[in-house]
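Some notes on the structure that comes next.
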Ligand SMILES: *Cc1c(COP(=O)(O)O)cnc(C)c1O
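Next up, the structure:
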C-alpha cells in the first residue's frame, strides 16, 4: 500500500458519530451535557481527526480517545467567559482583573436582590413608588458629610453628568496640569467636549495659581473644575491652586467649584499609610461644591461613580435626562449600600473591605499566608519554592509610585521556564494569575484572598511534581 491508500484506509476506519454515542462513554456525555451537545462535540473531534490524517499526521482512531477529546471540548465550553481567577500579581486594584474585589457583605447583598423582587423603587412605608437614589444617599451623606448624593454607572459617567447638568454650552475653567488621561478612553478634554461644556484652560503643565482661574472667569463661565491626577505624579518646580484658595473665588462669582477626586478614598490616608491621596471628606470640608469619585477604586466597592455635595446641584443632576441612561442597577446598588455600611465604623471598614485590608496588610501577615501555602507543598514543588520580600502596588491608576512592601512565594528553576509555568497556572481550572520578575515566577501574597491558598498549593503540586524533569 502506498501512502495514499494508507490514508484512505485510515479515513474509512474513523468511527461513526452514532456508534460513538451508543458507547457507555458516549451515553455518559449525553447525560452530563445533552445528546445534541455531545453529538456536536464528537463531530468536531472527528473533523479534527480527519484533518490530521489528511495532513499526514499520526492520529489515534481509538474510540475512547475520540470520546475523551469530545469530553474535553465540552468541559472547556462549559467554562464561563467571565469567571473567577486568583490574583497573585500583588496589584490590589487590577484593572484587567475586575479592579476592587468586593467585601463578602457586598457580594451577598448583590446576590440576594438579583434572584428576587426587591425595594429598588418601592417604599415599604407608603406602599408606593420610591426612589432608587434613597438606598445609598443618606449613607454617603452620613459618611462624607455631604448635603446630598447620588450614584451612577462609573466615575466617567459621574463627570459626564456633572458637566452636562451644570455647564452645558458654558465654559468650565481647568488647569493645564489637570487635563489628564485615565486608562485610555477617559480624557478630561474629550469628556468635556462630549458633555457640551467648553474647556477654558488656564496655567501651565507644572504651575497653576488661583489668580489664573480668577482671570479666566467671564460672563459665560459655569464652574471651576479640579481633577486629581490619579495616575501620575509631578514633582519639582510645580504648584497647584488648592480648594481652599479656589473656594472664595468661586463664591464671589456665584459659580460652583467641582472636583473629580478619582479614587474615592473614604478611609484616612494617614491611617492607610497612603501619601498625598485626597480624601472625600476633606475635599468637601475644604469647599468643593460637588465632588465625584469611583466606587471600585480605593472605596473598594462595585463599579460605580458617586456624586456628592450641594443639594440643589445634585438635584439638578438627578433630574437630568442622562441620569436615566447612566443609572445603576439593583445588584450594584445593593453591593454599594452594603459596602458603604461597612464604613459606618471606620475600623471595621479597614478589616472588612478587601481593598483596604490588602493595602494595609503587613509583611508579617503576608509571610504567614506564604508559609501556609509552602506548608502544603510537597516533593519537587517544595524544593523549587521559596518565600521572599516583594513590592506590591495599589494599581488601578491610584497612588502611583507608592510601593507596598510585601511577601511572595517564588518558584525558581525546574523543568518549566517562568513563562511556561505562568501560562500553565493561567490555564488551570481555577486560573492563577502570577507575574514574572528576575527570572522567577512570583506569587505575590498581598492579593491572594482567604481560601486561595489551597488551590494555589494544589496547582503547584500538580504542575511541578508531574513535570517531565
Ligand atoms: C479613575 C478615574 C476616572 C474614571 O473613573 P471610572 O470609575 O473608571 O469611570 C475619572 N477621573 C479620575 C481622576 C480617575 O482617577
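Numbering (our numbering), first residue to last: 685 to 1153.
Glycine included, C-beta positions come from ideal geometry on N, C-alpha and C.
Values in this document were obtained by computation on a predicted structure and should not be read as measured data.
Alpha carbon to alpha carbon, what distance is there between residue j and residue i?
i            : j            : result
residue 804  : residue 720  : 40 angstroms
residue 876  : residue 957  : 33 angstroms
residue 1037 : residue 1015 : 18 angstroms
residue 763  : residue 829  : 45 angstroms
residue 946  : residue 846  : 14 angstroms
residue 1137 : residue 1056 : 7 angstroms
residue 1121 : residue 1066 : 20 angstroms
residue 938  : residue 789  : 43 angstroms
residue 1108 : residue 1147 : 8 angstroms
residue 732  : residue 743  : 10 angstroms
residue 1091 : residue 1129 : 6 angstroms
residue 874  : residue 970  : 28 angstroms
residue 1104 : residue 761  : 23 angstroms
residue 975  : residue 993  : 6 angstroms
residue 820  : residue 827  : 11 angstroms
residue 1127 : residue 983  : 25 angstroms
residue 715  : residue 802  : 37 angstroms
residue 1098 : residue 693  : 44 angstroms
residue 930  : residue 923  : 14 angstroms
residue 1030 : residue 959  : 19 angstroms
residue 709  : residue 717  : 12 angstroms
residue 940  : residue 1047 : 44 angstroms
residue 753  : residue 728  : 9 angstroms
What residues in its chain sit with their C-beta under 7 angstroms from that of residue i, if we drop five residues either side in the sequence?
i           : result
residue 695 : 734, 737
residue 912 : 944, 945, 946, 962
residue 985 : 784, 786, 790, 979, 1019, 1020, 1023
residue 797 : 1014, 1015, 1018
residue 916 : 1084
residue 698 : 730, 733, 734, 745
Taking 7 angstroms as the threshold (C-beta atoms), are residue j and residue i in contact?
i            : j            : result
residue 843  : residue 1077 : no
residue 1071 : residue 1054 : yes
residue 1132 : residue 772  : yes
residue 793  : residue 1019 : yes
residue 783  : residue 1080 : yes
residue 725  : residue 757  : yes
residue 832  : residue 998  : yes
residue 1117 : residue 769  : yes
residue 968  : residue 934  : no
residue 1141 : residue 1010 : no
residue 1069 : residue 1088 : no
residue 900  : residue 884  : yes
Measure how close the beta-carbons of residue i and residue j come, nearest whole angstrom, since I'm counting them as under 8 angstroms.
i            : j            : result
residue 1041 : residue 1034 : 7 angstroms
residue 777  : residue 751  : That belief does not hold up - the Cβ atoms of residue 777 and residue 751 are roughly 44 angstroms apart, past 8 angstroms.
residue 835  : residue 730  : Their Cβ separation, rounded to whole angstroms, is 53 angstroms, which puts residue 835 and residue 730 out of contact at 8 angstroms.
residue 942  : residue 972  : 7 angstroms
residue 707  : residue 759  : 18 angstroms between Cβ atoms; not a contact.
residue 1124 : residue 1106 : The pair is not a contact, with the Cβ atoms about 10 angstroms apart (cut-off 8 angstroms).
Should residue i be counted as a contact of ligand 2 given a C-beta to heavy atom distance under 6 angstroms?
i           : result
residue 866 : You won't find ligand 2 in this model; what it holds is ligand 1.
Quick one: residues in its chain with C-beta nearer than 8 angstroms to the C-beta of residue i, no 5 flanking neighbours on either side, listed in chain order?
i            : result
residue 1004 : 845, 848, 849
residue 700  : none
Please confirm if residue i has its CB atom under 7 angstroms from at least one CB of chain B.
i           : result
residue 741 : Absent from the structure: chain B. Only one protein chain is present.
If you drop the 5 nearest sequence neighbours on each side, which residues of the same chain put their C-beta closer than 6 angstroms to that of residue i?
i            : result
residue 889  : 860, 861
residue 840  : 870
residue 881  : 847, 851, 856
residue 823  : 1024
residue 1153 : In this prediction, residue 1153 scores a pLDDT of 41, lower than 50, which makes its location untrustworthy; the coordinate-derived value is nonetheless stated afterwards. Here the set comprises 1099.
residue 863  : 872, 873
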